[in-house]
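Notes to accompany the following structure.
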Amino acid sequence: MAMNILVTGGAGFIGSNFVHYMLKAHPDYNLIDLDLLTYAGNLHNFDDIKNESHHIFIHGDIRNAQLVDYLFKTYDFDAVVNFAAESHVDRSILHPEIFVQTNVEGTVNLLQTARKYGIKKYLQVSTDEVYGSLGKEGYFNEESPLAPNSPYSASKAAADLETRAFYETYGLNINITRTSNNYGPYQFPEKLIPLMVTNGMTGGNLPIYGDGENIRDWLYVEDHGRAIDLVLHQGKPGEIYNVGGHNEKTNNQIVDLIVENLGLSKDRIKYVKDRLGHDRRYAIDPSKIKRELGWEPTIMFDKGIIKTIDWYKEHEDWWKPLKSKAALK
């Protein structure tokens, strides 16, 4: 049965990859894409689907109650998938208020409107950063306490709690997904992998925070899209699902791979002052989504990182205009 889905933040990195995935997986679905087009939103992410009739782009803010209400009334949505968020930790340290406005107030506006119109499923896309920092061993699971350490992750944790509250208080059918670090096409070049690849290609230094031994669990973005698709259709009401790749790498390991692939000198690597609130390690246990919904990653890191580097090599026209906007150069 065809669905009408509101995708918020669909012009961003993970959102646009999800749109591409869903148009292939469910060609009869209608995706109405609401995005404010802040610095990280990019309509060029849709150049290859600009004539796709099942994808409708609308420029607007999830905090705009009048606009959001109009869209719900006009398109009779079956579901909402909320990617819309300010997401860069460095920027949250400089302007935490912006993150509260978009990530918390915007989410509550969507939840209020979804409840008003009796939406069948509301899916909040979140992050493993809400759990805080891990030691050298162990994994976060869905029962781990929330302990965010940056204004960004605190705003996402608050949005998650509001989402949970709408299930407990009003009975809204919600799910929350929390993902590990994503990588792949269309990622804004302030994030680690595209920053290093694009700096490597343009002659810049490769800046690494602190000692470079911070550890992240890396997941290819298309595998994340498949997980969201499964949760959207099969997730149990009120449940949280962690989505991880079981692929831990230090920042040093990631940069070394990129240096080797691009044939660069390691002298280009420059260690810079560590950022505030920089969590040491993230790692999440995705066994619940595997057990209940049958999901597991299909693109392993050794292949995914090559696919990603090759994409940036082949799409200089996409990322070169964005370099001046990146937080780190």
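Everything in the sequence shown is counted per the UniProt record's numbering, starting at 1 for the first residue and increasing by one.
The beta-carbon is built from N, C-alpha and C at its ideal position, and this holds for glycine as well.
Please classify R291 as buried or exposed, where buried requires at least 16 other C-beta atoms within 10 Å of its C-beta. exposed
Where G5 falls: helix, strand or coil (DSSP): First, the residue type needs correcting, since residue 5 is Ile and not Gly in the sequence shown. Strand at I5.
Along the beta strand (DSSP E) that carries E248, what are the first and last residues, could you check? 248-250
Applying the criterion that 16 or more other CB atoms from any shown protein chain within 10 Å of the CB defines a buried residue, is I119 buried or exposed? buried
Closest to G135 by CA distance: which of R216, V104, W311 is it? R216
Locate the alpha helix (DSSP H) running through F46, then write down its first and last residues. Run containing F46: none; DSSP gives neither H nor E here.
Would the stretch 163-183 count as touching the stretch 241-248 if we require 3 or more Cβ pairs under 8 Å? yes
To the nearest angstrom, report how far apart H233 and N4 are at their CA atoms. 13 Å
One or two residues paired with R216 in a DSSP bridge: K249
Using the C-alpha atoms, what's the distance from G184 back to G203? 22 Å
So, using beta-carbon positions, are I32 and Y70 closer together than 8 Å? no
State whether the stretch 91-99 contacts the stretch 48-67, with contact taken as three or more CB pairs (one from each stretch) at a distance under 8 Å. no
For V255 and K329, the rounded distance between their alpha carbons: Only weak support exists for where K329 lies, its pLDDT of 41 falling under 50; the coordinates are left without a value.
In three-state DSSP terms, what is L172? coil
Based on DSSP bridge pairs, tell me the residues matched to L123. V81, N175
Applying the criterion that 16 or more other CB atoms from any shown protein chain within 10 Å of the CB defines a buried residue, is D229 buried or exposed? buried
Considering only residues of the same chain and omitting the five flanking positions on each side of Y122, which have a CB-CB separation below 8 Å? A79, V80, N82, L110, L111, A114, T163, F166, L172, N173, I174, N175
For the stretch 252-269 against the stretch 207-215, are there 3 or more C-beta pairs whose distance is under 8 Å? yes
Between H54 and N17, is the Cβ-Cβ spacing less than 8 Å? no
Looking at Y271: is its Cβ nearer than 8 Å to the Cβ of I193? no
Close beta carbons around A40, own chain, < 6 Å, minus the five adjacent residues each side: G12, F188
Which residues in the same chain have their Cβ closer than 7 Å to the Cβ of G132, if we skip the five residues on either side of it in sequence? A147, P148, N149, D279
Tell me N182's beta-bridge partners as DSSP assigns them. L219
CA nearest to the CA of residue 355, picked from F301, I289, V108: With the chain represented from 1 up to 329, any question about residue 355 goes unanswered, as that position is not in the structure.
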